[in-house]
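Visitor: Sharing a structure with you now.
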Amino acid sequence: MSRKPRVLSPEEERLWRRVAGDAKPLDKEPARKVPEEVPKRRPRPATRDAFEIPEFRIGEKAVASSGASQESGRATVRMDQRKFTRMKRGKTTPDARIDLHGKTAAEGRAALVSFLLNAHRKGHRTILVITGKGRERNDAGPIPERPGILRQQLPHWISSAPLDQIVLQCTEAHPRHGGSGAFYVYLARR
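Numbers given in the working numbering equal positions in the sequence shown, counted from 1, plus 3.
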């Protein structure tokens, strides 16, 4: 909504002229005259050649990411919805757990693959994988390094062979079980 400009009353106009008449300019340049009317806006110049946007169709060039379902917060649930809800609320107890703290990325992946294949063979379904949140490094080198390499790599590891055949779901753990430093990995039936 645009507001109408306020119009001075005759008394305000007289007062303004009296104040303005007594004022002395600071510099020696003559005072500018204030126009009585507000100038109207100038019309905009004609735009240059219109920029053409190529036709676009949804999904035309989309490429699915291999780890997209593991990384997105609203990923489709591939496991039992009731069990998933209980797991996210921290109401279930994991069947087994593995702690990857202090391991390098190569050691962590080897330990995870071995542990999950073994747990699947034993018939375990819910596994708690503790990766840690990572720590801030004080020695900031020329190449930036994100903290928590194990935490970053876990979704990629479970979405690649041989774990992609046995893992149904991977979600961040409830604070009771480690929060953002841990993950629930739900395995398929044997």
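Quick reminder that beta carbons are idealized off the backbone N, C-alpha and C, glycines included.
Confirm, please, whether the CB-CB distance from His127 to Leu190 is below 8 Å.
Guide: Residue numbering aside, residue 190 sits at position 187 when the sequence shown is read from its first letter. Residue numbering aside, residue 127 sits at position 124 when the sequence shown is read from its first letter. Their beta carbons are under 8 Å apart, which means Leu190 touches His127 by this criterion.
Visitor: Can you tell me whether Thr88 is helix, strand or coil according to DSSP?
Guide: Within the sequence shown, the letter at position 85 stands for residue 88. Of the three classes helix, strand and coil, the one that applies to Thr88 here is helix, per DSSP.
Visitor: Considering only the alpha carbon of each residue, which of His180, Gln156, Glu58 lies closest to Pro97?
Guide: Position 94 of the sequence shown, counted from the start, is the residue given in the question as residue 97. Among His180, Gln156, Glu58, the Cα nearest to that of Pro97 belongs to His180.
Visitor: Would you mind reading off the limits of the beta strand (DSSP E) that contains Glu55?
Guide: As a first step, residue 55 must be located in the sequence shown, where it is residue number 52. No beta strand (DSSP E) holds Glu55; DSSP gives it neither H nor E.
Visitor: Where does Glu40 fall in DSSP's three states?
Guide: Counting from 1 along the sequence shown, the entry for residue 40 is found at position 37. Three-state DSSP puts Glu40 in coil, outside helix and strand.
Visitor: Can you look up Leu157 in the DSSP assignment and give me helix, strand or coil?
Guide: Counting from 1 along the sequence shown, the entry for residue 157 is found at position 154. In this structure, Leu157 counts as helix in the three-state DSSP scheme.
Visitor: Can you grab the Cα-Cα spacing for the pair Glu16 / Val10, in whole Å?
Guide: If you number the sequence shown from 1, residue 16 lands on position 13. If you number the sequence shown from 1, residue 10 lands on position 7. Going by the C-alpha atoms only, they are around 9 Å apart.
Visitor: CB-CB under 6 Å to His177, same chain, minus the five flanking residues each way: which ones, in chain order?
Guide: Position 174 of the sequence shown, counted from the first residue, corresponds to residue 177. Closer than 6 Å at Cβ, skipping near neighbours: Gly93.
Visitor: Assuming the contact rule is C-beta atoms closer than 8 Å, Arg154 and Gly184 should be a hit. Round their C-beta distance to whole Å, please.
Guide: For this step, residue 154 is matched to residue 151 along the sequence shown. For this step, residue 184 is matched to residue 181 along the sequence shown. Indeed, because the Cβ distance is near 7 Å, the residues count as touching under 8 Å.
Visitor: Roughly how many angstroms separate the alpha carbons of Thr88 and Ala122, rounded to a whole number?
Guide: Here residue 88 refers to the residue found at position 85 of the sequence shown. Here residue 122 refers to the residue found at position 119 of the sequence shown. So the two alpha carbons sit approximately 22 Å from each other.
Visitor: Helix or strand or just coil, what does DSSP make of Arg45?
Guide: As a working note, residue 45 is residue 42 in the sequence shown. Note: Arg45 maps to coil in three-state DSSP.
Visitor: By Cβ distance below 8 Å, which residues in the same chain neighbour Trp19 in space, the five residues on each side in sequence not counted?
Guide: To locate residue 19, count along the sequence shown from 1; it is residue 16. Correct list, in chain order: Leu11.
Visitor: Pull the bridge partners of Thr95 from the DSSP assignment, please.
Guide: Start at 1 with the first residue of the sequence shown, and residue 95 comes out as number 92. Thr95 pairs with nothing; no bridge assigned.
Visitor: What would DSSP say about Lys7, mapped onto helix, strand or coil?
Guide: The residue labelled residue 7 in the question sits at position 4 within the sequence shown. DSSP places Lys7 in coil when its eight states are reduced to three.
Visitor: In terms of residues, what are the limits of the alpha helix (DSSP H) holding Leu115?
Guide: Mapped onto the sequence shown, residue 115 falls at position 112. Unbroken alpha helix (DSSP H) run through Leu115: 108–125.
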